[in-house]
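>
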Amino acid sequence: MTCKEVLDALSDYLDADMKEEVVTEMRRHIGVCSDCRAEFDTLSMTIKLYKHESATSMPDGCHDRLVKILEIEKLKLKPGSTKTES
Amino acid sequence: MNPRIEEALTTLGDEVLVRKAQEDDDRAFGELVSRYETKVYSLALKMVRNPEDAEDVLQDTFLRAYRGIKSFKGNSTFSTWIYRITANSALMRLRKKQLPTVSIEDADEREAPVSIADWSPGPVDQLLNQELQQVMDEAIEALPAEFRQVFVLRDIEEISNAEVAEILDLSVAAVKSRLHRARLKVRNRLAAYFNENQKQKRAMGAQR
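Going down the list, the sequences are from chains A and B. First residue of the first sequence? That's 1 in this note's numbering, and the numbers climb one at a time after it. First residue of the second sequence? That's 87 in this note's numbering, and the numbers climb one at a time after it.
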């Protein structure tokens with residue numbers, strides 16, 4: 001495999017989304033080519049850093065505002081309906 | 087709501103709740119909202135990158151879902167359907183803001199810098215600080231909207247290529263291609279930051 005081919009296939013390699021014989025060839029190339037190894041390591045670290053992003057929660061009042069908007073929509077779509085308790 | 091009804095609804099699967107919601111059971115729709123609102127908000131926030139727009143996307147998503155629930159045929163799961171509405175709503179908002187975009191087809195420039203210093207050895211916890219977090223945010227903000235969608239769904243939300251393809255109505259090959267290019271763009275931003283950091287450290291070392 002050439003360096004270009006390795007670079008083009010790096011994402012599939014990182015996602016373990018390729019045939020075993022290609023994996024073996026990629027592993028061999030990365031083992032001996034320091035440029036491709038740096039490409040692999042930094043791309044892999046980039047993905048790890050973003051996976052580390054903390055989970056977000058909704059701001060205060062966000063749920064209540066959503067429920068209210070849906071209630072208004074309900075009254076528009078189904079004028080005869082009554083307010084749902086929540 | 088009657089606690090017994092509420093409890094009963096929380097034990098039902100999405101499919102049953104969808105069916106009930108399609109039969110005008112608003113409590114069932116309410117349960118779907120409770121189940122998915124945080125996920126939808128989180129996905130929206132990661133795409134539009136500010137809380138006000140994320141809340142607008144959240145509201146728009148559930149309004150569309152409420153209006154369209156009867157036309158949901160169940161060919162995909164409810165979660166895929168609601169994520170698809172979220173992704174579309176976020177994309178429209180980004181386009182309205184005229185986010186700098188490049189044509190996806192034209193963006194085939196060489197993504198990798200000529201030489202990349204390997205900044206990867208080092209535990210994630212040690213690397214992550216406020217400054218890096220800001221650089222990571224900027225790197226996502228700099229992505230064209232269509233790349234950002236794929237990157238957020240795949241690498242932050244950790245949704246499979248096949249499901250991302252379904253959510254965005256793309257082929258798996260297109261998802262993989264956009265993902266790879268998005269990753270390289272993001273990585274290059276981070277690489278520039280780390281390279282600059284290393285230069286500064288070396289300069290400070292030389293002054294001592």
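Even for Gly, the Cβ is constructed at its ideal location relative to N, Cα and C.
Does the distance from the CB of LEU31/B to the CB of GLU117/B come in under 7 Å?
Residue 31/B cannot be examined here, being either before or after the span of chain B that is shown, 87 to 294.
> Report yes or no: is there a C-beta of chain B within less than 7 Å of the C-beta of TYR13/A?
Output row for TYR13/A: interface = no.
> Tell me where the alpha helix (DSSP H) around ASP297/B begins and ends.
Lying before the first or after the last residue shown, residue 297/B is absent from chain B, which here runs from 87 to 294.
> Which residues of the region 49-65 of chain A have a Cβ closer than 9 Å to any Cβ of chain B? Give them in chain order.
The residues in question are LEU49, TYR50, LYS51, HIS52, GLU53, ALA55, THR56, SER57, MET58, PRO59, CYS62, HIS63 and ARG65.
> In the structure shown, what three-state DSSP assignment does ASP17/A receive?
In this structure, ASP17/A counts as coil in the three-state DSSP scheme.
> Against LYS262/B, what residues of chain A qualify as contacts under a CB-to-CB distance less than 9 Å, listed in chain order?
By Cβ distance, chain A contributes SER11, ASP12, ASP15 and ASP17.
> By alpha-carbon positions, which one of VAL258/B, ASP112/B and VAL250/B ends up nearest to THR166/B?
Among VAL258/B, ASP112/B and VAL250/B, the Cα nearest to that of THR166/B is on VAL250/B.
> What is the rounded straight-line gap between the Cα of CYS36/A and the Cα of MET18/A?
Spanning the two alpha carbons is a distance of roughly 18 Å.
> Which value, in whole angstroms, describes the spacing of the CA atoms of GLN220/B and TYR279/B?
Looking at the two C-alpha atoms, the distance is approximately 11 Å.
> Can you pull the chain A neighbours of ALA292/B, defined as C-beta to C-beta under 7 Å?
Neighbours of ALA292/B on chain A: none; closest Cβ ~24 Å, over 7 Å.
> Do you know offhand how far SER162/B's Cα is from SER34/A's?
Approximately 44 Å between the Cα atoms of the pair.
> Could you work out which residues of chain B lie near LEU91/A, taking near to mean beta carbons separated by less than 8 Å?
What is shown of chain A runs 1 to 86, which leaves residue 91/A out entirely.
> If you draw a straight line from the C-alpha of VAL104/B to the C-alpha of TYR122/B, how long is it?
Looking at the two C-alpha atoms, the distance is approximately 13 Å.
> Taking ILE30/A as the query, report the chain B residues whose CB atoms sit under 9 Å from its CB, ordered along the chain.
Per Cβ cutoff of 9 Å: no residues; ILE30/A is ~12 Å from chain B at best.
> Taking one C-beta from the region 126-137 of chain B and one from the region 168-181 of chain B each time, how about it: are there three or more such pairs within less than 8 Å?
Touching, per the Cβ criterion.
> Please name the residue in ILE245/B, GLN235/B and ASN247/B whose C-alpha comes closest to that of ARG135/B.
Answer by Cα proximity: GLN235/B.
> Is MET26/A helix, strand or coil when you go by DSSP?
If DSSP states are grouped into helix, strand and coil, MET26/A belongs with the helices.
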